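Presented below is the structure to which this report refers.
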Amino acid sequence: MSDATFGLPVAPAKATPAARHARSEAITAWLLSLPAILSYLLLLLLPTLAAVALAFTDYELGADSVRWIGLENFAELWTDRGFRQSFVNTVFYVGVVTPGSILGALVIALLIEAGVRGRTLFRAVFFLPVVSLTVAMASAWQYLLHPTIGPLNGMLRQLGIAGPAWLSDSGMVMWSLAGIGIWENLGFNLVLFLAGLTAIPRELYAAAEVDGARSAWARFRLVTWPLLGPTTLFVLTITMIRSVRVFDTVKVLTQGGPNKASEVLLHSMYQEGFTFFRLGYSAAITLVFLAIVLALMWLQTRVLDKRVHYG
Amino acid sequence: MSGIRIEGLVRDYGGSRVLKGVSLQVGPGEFVALVGPSGCGKSTLMRMIAGIDRPDAGQIHINGREVTGLRPAARDVAMVFQSYALYPHLTVAENIAVPLALRRLTTAQRLPLVGGLMPGARAARRQIEADVAQAAESLGLGHLQGRRPGQLSGGQRQRVALARAIVRRPAAFLMDEPLSNLDAALRVQTRREIVDIHRRAGAATLYVTHDQAEALTMADRVAVMQGGEILQVASPEAIYADPADLRVACFIGSPRINTLAAEADSQGFVRVAGMATGLRAPMTGAITLALRPEDLQPVAHGLPAVAEGIEFLGESLLLHARLEDGTGLVLRIAPENRGHLAAGARLALGFDPARALLFGADGKRLPARIQAAEPALV
Amino acid sequence: MVERDISWARDLPRLAVLTILGLLLLLPYIWMVSASLKPADEIFAATLNLLPRRLWVVENFGTVFERLPVLLYLWNGVVVCGGILVFQLLFAIPAGYALAKLEFRGRELLLGAVMLGLLVPPHVPALPLYAGLSALGMLDTYTALIAPSTISVFAIFLFRQFFKSLPDDLIHAARLDGMGEMAIVWRVVLPNAWPAATAFAIFSVVAHWNDLFWPLIVVNSPAHATPALGVLFFRTTEGDDDFGALMAAAVIMTTPLVLAFLLAQRRFVEGIATTGLKG
């Protein structure tokens, strides 16, 4: 640090007061960051790099030897029907939960924001799933959706409809899980939308009315929707990333069944890695998962960000 | 009767009455400034005329049509907001086009992509573009039409807001403190431009401000508002020289008008600190005598006072003085008349009785007669 | 946007729609509580009565407390969440301050590392961390539960953003008053970090209290099980049939955080909304 002279002929023996100050500030900074740096290296960077490396090996927990096998794991993934199913299911889940929970949250946010009564109450109600223990609530859903004793099918019976086996019918199970996913994410998105709505200046609505926007729809198109753009983009990315990570409900409710009909990426990764201890193969799934998350973030910053920020 | 006419507007907010039966008329082509301290209800009044807020009682007429219950869109008024309220996602040209597009195009014609295919849409769009270009040009925004509000300076944004207001030639303009977000130099320059725009457009204009200088320099008539009521509506000259109410006299003019406690005796002769003033009021008892700073002078014989300090303003001096009863006064005097005045000096103050304003205990203006029979103070 | 106090009558449709949607959302809670009060035969009768004919609270909740070390699980949850939070703050606040307010070579590099870390979901380093902990014989310990989460790049990022908005003059004034850099962190920066720290604390506790993935991987005995894992254990040991007791367990494990939320609702919502960044 001391020889940061930039070619100036400064006598190295005697540091100027300015240089001494800069030096002590730098030492302080490194000291303050040290715990974070060490734990970052040890607990985040190193394991992440190891995970990447692992994906190219045949490492199994307890095995004697490790072999570098290149892209073999990925080739196996490509032909693995179970993994394909898991990939498709994850895409389906994201594809249903994202629009569902965003649209629902937006409508509810607009309804709450349209008046003053009951704001805090309704916000609290819709937010409740966010702070509820997912595993416990999954159990509640299991009861609610139980084909014979579940209240949902009970209600359908009253209407003369024979309800499906929500969680054990292979055609139905992903829809059920996605429904629960919407239920889980709604409150979170709602809070973000409410924050976005409050940030819209009231005067813009007044201006829109004076300018001739007579209907609520015209004002929504002219003011609310465009000004909510950055919030919506943020909510969109966050919801996609959150829903790619679906694990808890699958683990509790279906274990990926019936017959892999509800297998999702993280659950496959968990199964391969921690049930069958095929760490190399599991790491390959992790990389696919990471690639999806990174692609979504890239989409946010590069493609969509330019369209919704006005400056 | 065209222009804006409001009658007996009342508005309550959570138990307190913000507007106490306000009536006001802005003639066709007239520029009326509504001036008052913040919280006096002037912005509420303006928002009611625009239709953004609704009155609890009273009526609003625009161009001879009652609009009290109508939506803002149906009122044919344009408003310039304090914050400008430009749509941040639209370009300058698109911002200016909004009121035209919302009025001239049907919902179907406004649809993106397919809207252009609707019958008549193409021609209407072309007309809008021409009108927008003209409005932008007239405000010197021609080269900025493709920019977004975020890329403009405060003064440019303000012009866009003005352009958006004039583009559709409304029956009335409402301006809510449009200059308060500009820096001082730009504010003075823009004052004249707004007056100019008003003259060209020729529509009734109501201009809300808390800045009396804006009101006095720009308006044909000034309405002074305080505590939810309009105290006086008159020309700028009359508001300054001939205020109808002590509150008006105190609000208008800088430095503030001097007020002296006075006494009208049984015959109405007015005395200040026991000295005759040569004025006669149509009543007896305690009254207030008010004098503008430029209407008080140091004289040989008059009200005894002590000079407390002098502020040099360039073209004039402000002399702060205090009477024996503790009343503080401000005099505006020409620098050459300064003489030996300095802080701590004793002096006597006098005035021309013709310049003095008398107000009753209720604050209402009293007619004063100059009574030569009495020995005058001066 | 007419700023009138909308009358009850005109507000009614809005409130009605919200109430119906709210009740739909609360359906799982309503039935969960209802079933936790019912005896098994009433649950299996599958009637749509919300209220039990015979109150079975004592039996259902009794079963849970009898078969499940409920208090241990809750205590484990507190220890794990508390431990994680303390270390996260301990590591992140000084680093966040250094990145925000101090000039030093390598700052850009550290900042880049933080941004890079933000991109990596916690599931990615899970496999090697598991292998490492397994090699060290540290599976099924509090350390295994806490350690991997002690570094939160998100917390560093959050605190850096927060400290950047603190005026430089505050730091300069402290230096003029004769404080050293450590004293500044301890006496000036830390007291000012409260708003960000509470927001982050809420975010962190909610995330780790509800987390199933990591505890499931490293814990396999009840001794260190968190509430989420506890519910799962109960299901596997008791089977899926005793819904009354299962719902009672769910109610017990859900209550602490929900209660905290209801008591400090605004802080929760703000905390989640301001830290929503990470998800």
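Residue numbers (the numbering used here), protein chains in the order written: chain A, 696 to 1006; chain B, 84 to 461; chain C, 22 to 300. Note that CB positions come from ideal geometry on N, CA and C, so glycine has one too. Just so it is clear, the structure is predicted and the values come from calculations on it, not from any experiment.
- Interface residue (Cβ-Cβ distance to chain A less than 7 angstroms): Phe256/B is not classified as such.
- Annotated three-state conformation of Leu233/C is coil, per DSSP.
- Looking at the DSSP output, Pro387/B sits in a beta bridge with Ala431/B.
- Using beta-carbon distances, Leu95/C does not count as an interface residue toward chain A, since no partner is under 7 angstroms.
- Residues of the same chain with a CB within less than 6 angstroms of the CB of Ala266/C, apart from the 5 flanking positions on each side, are Asn81, Thr84, Val85 in chain order.
- A check of alpha carbon separations from Phe184/C across Ala119/C, Ala270/C, Leu106/C identifies Ala119/C as the nearest.
- Contact check for Leu386/B and Leu432/B: beta-carbon distance about 5 angstroms, within the 8 angstroms limit, so the pair qualifies.
- For the beta strand (DSSP E) assignment, the uninterrupted runs of no fewer than 3 residues enclosed by the region 130-191 of chain B are, from N- to C-terminal side, 140-145, 160-163.
- Between the region 183-201 of chain B and the region 898-909 of chain A, the count of Cβ pairs shorter than 8 angstroms is three or higher; the stretches touch.
- Taking the beta carbon of Glu904/A as reference, the chain B residues within 9 angstroms of it are Ala133, Gly134, Ile135, Arg154, Pro155, Ala156, listed in sequence order.
- The Cβ-Cβ distance between Ala244/C and Ala731/A does not fall below 7 angstroms.
- In the same chain as Gly251/C, and ignoring 5 residues on each side of it, the C-beta atoms closer than 6 angstroms to its own belong to Tyr94, in chain order.
- Remark: C-beta atoms of Leu257/B and Ala383/B do not approach each other more closely than 7 angstroms.
- Around the CB of Gln210/B, fewer than 16 other CB atoms lie within 10 Å, so the residue is classed as exposed.
- Here Asn884/A carries a helix assignment [DSSP, helix/strand/coil].
- Contacts between Asp32/C and chain A, judged by CB atoms closer than 8 angstroms, involve Gly810, Arg812 in chain order.
- Below the 8 angstroms Cβ cutoff, chain A contributes Tyr735, Leu739, Leu740 as neighbours of Gly138/C, in chain order.
- Leaving aside the five residues that flank Arg762/A on each side, the residues in its chain whose CB is nearer than 8 angstroms to its CB run, in chain order, Thr752, Asp753.
- Within the region 155-174 of chain C, Ser155, Ala168, Pro169, Thr171, Ile172, Val174 place their CB atoms closer than 8 angstroms to a CB of chain A, listed in sequence order.
- Between Ala56/C and Phe264/C, the beta carbon gap of about 5 angstroms places them in contact (Cβ cut-off 8 angstroms).
- Rounded to whole angstroms, Ala287/B and Ile145/B show a C-alpha spacing of 9 angstroms.
- For Met129/B, no chain A residue has a Cβ inside 9 angstroms of its Cβ, as the nearest lies near 11 angstroms away.
- According to DSSP, Pro381/B shares a beta bridge with Leu432/B.
- For Ile273/C, the enclosing alpha helix (DSSP H) starts and ends at 264-284.
- Neighbourhood of Ile238/C in chain A, by CB distance below 9 angstroms: Tyr965, Gly968, Phe969, in chain order.
- By the Cβ criterion, the region 158-165 of chain C is not in contact with the region 981-1001 of chain A, since fewer than three pairs of Cβ atoms, one from each stretch, lie closer than 8 angstroms.
- Per DSSP, the unbroken alpha helix (DSSP H) holding Lys122/C starts and ends at 91-122.
- For Thr275/C, a Cβ of chain A is located within less than 7 angstroms of the residue's own Cβ.
- Shortest Cα-Cα distance from Asn884/A to any of Leu917/A, Trp836/A, Ser938/A involves Ser938/A.
- Using a CB distance below 8 angstroms, no part of the region 110-123 of chain B faces chain A.
- Within 8 angstroms of the CB of Val918/A, the CB atoms of chain B belong to Tyr170, in sequence order along the chain.
- The C-beta of Phe769/A comes no closer than 7 angstroms to any C-beta of chain C.
- Just so you know, the alpha carbons of Ser349/B and Thr360/B end up roughly 15 angstroms apart.
- Around Phe164/B, the beta-carbon contacts reaching into chain A at under 8 angstroms are Glu898, Ala901, Ala902.
- Using a Cβ-Cβ cut-off of 8 angstroms, Met268/C is close to Ser834, Ala835, Tyr838 of chain A, given in chain order.
- Taking 7 angstroms as the cut-off, the Cβ atoms of Val250/B and Asp214/B count as close.
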